[in-house]
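Trainee: In this note's numbering, the protein residues as written are 2 to 293. We treat Cβ as the ideally placed atom computed from N, Cα and C, and that holds for glycine.
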Ligand code: SF4
Ligand code: SF4
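Right under this line is the structure:
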């Protein structure tokens with residue numbers, strides 16, 4: 002089962018929901034079926050991963066992630082320009098008797114190498130970031146860390162998602178927004194929780210995120226964070242669009258203070274574990290309903 006946690010904008014509390022859901026459900030799995038890998042947490046917010054601050058995993062494995070970029074053998078190249086023509090990302094240009102490569106624009110699709118008539122292109126790896134694997138209690142933890150200044154996050158997200166085991170409960174902390182990295186992170190999910198806040202900005206970005214999820218045909222529901230600060234716009238929109246509001250979390254100074262020191266909210270207000278378990282139960286029912 003794969004549950005992704007996303008939000009149309011940053012700063013809504015997406016990671017808080019993901020981390021506390023994982024911590025709460027880990028306790029829910031019956032001891033008879035629980036093993037050390039029953040819940041996995043995948044931090045796919047690779048540009049700014051921060052779930053590790055709260056889960057404090059013991060990292061045991063780090064792996065470099067690269068994408069293949071072209072390297073031209075000038076001895077074989079006839080400067081025909083075919084590679085430039087085929088590249089949809091303007092990552093390769095042929096100027097007079099020179100082939101220029103812009104590695105930071107290259108998506109590593111291999112099109113230029115395949116279509117070069119002279120077989121003058123080979124591929125070399127360009128590191129875009131690393132994956133880190135470890136454990137936080139009984140939670141298997143994986144995250145990706147994109148290199149500073151690097152824009153090519155989808156391949157790194159794919160590398161993090163390679164750790165998904167579909168017979169486990171996989172919690173994905175997706176990047177914020179509605180662009181390619183988010184789509185890469187949430188696709189394949191059985192359910193997506195959209196975290197928002199009850200403000201006009203929150204509503205605006207929620208509407209965009211809902212459009213994406215409907216296009217991807219992923220079932221979803223909404224969690225409203227800081228629910229008592231703001232207006233009724235999100236509630237009204239969800240009710241009009243028939244979107245389930247799964248949980249409302251009122252602003253609490255204790256949660257904010259705990260967040261600022263890297264402490265999960267279920268540790269400072271343990272009653273929230275029950276709320277997260279209820280949230281998980283609702284999602285599970287929807288999941289099994291889909292599977293039936
Ligand atoms: S397609 Fe091959 S031969 Fe043609 S310009 Fe590009 S690298 Fe050179
Ligand atoms: S690998 Fe793909 S993206 Fe990169 S330069 Fe070649 S055609 Fe362009």
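Nearest to residue 99 by alpha carbon, out of 183, 80, 201?
Mentor: 80
Trainee: With DSSP collapsed to three states, give me the class of residue 63.
Mentor: strand
Trainee: Run through DSSP, which three-state label would residue 277 get?
Mentor: helix
Trainee: Verify the contact flag: residue 71, CB atom, against every heavy atom of ligand 2, threshold strictly below 6 Å.
Mentor: yes
Trainee: In angstroms, rounded to a whole number, what distance separates the CA positions of residue 23 and residue 101?
Mentor: 47 Å
Trainee: Give the single residue among 211, 57, 201, 167 whose Cα lies nearest to the Cα of residue 133.
Mentor: 57
Trainee: If you follow the alpha helix (DSSP H) that residue 253 is in, where does it begin and where does it stop?
Mentor: Where residue 253 is concerned, there is no enclosing alpha helix (DSSP H), given that its DSSP letter is neither H nor E.
Trainee: Considering only DSSP beta bridges, list what residue 195 is partnered with.
Mentor: 7, 223
Trainee: For residue 64, which option in 143, 116, 72, 281 has the closest C-alpha, if you only look at C-alpha atoms?
Mentor: 143
Trainee: Considering only their Cβ atoms, is the gap separating residue 106 from residue 130 smaller than 7 Å?
Mentor: It is not a contact, given that the beta carbons lie outside the stated cut-off.
Trainee: Taking the C-alpha atoms as reference points, what is the distance between residue 35 and residue 61?
Mentor: In this prediction, residue 35 has a pLDDT of 48, which is less than 50 and means its spatial position is unreliable; nothing more can be read from the coordinates.
Trainee: By DSSP, does residue 115 sit in helix, in strand, or in coil?
Mentor: helix
Trainee: Given a cut-off of 7 Å, decide if residue 4 and residue 273 are closer than it, judged by their beta-carbon atoms.
Mentor: no
Trainee: If I follow the unbroken alpha helix (DSSP H) through residue 234, where does it start and stop?
Mentor: Secondary structure note for residue 234: its alpha helix (DSSP H) is the uninterrupted segment 234–242.
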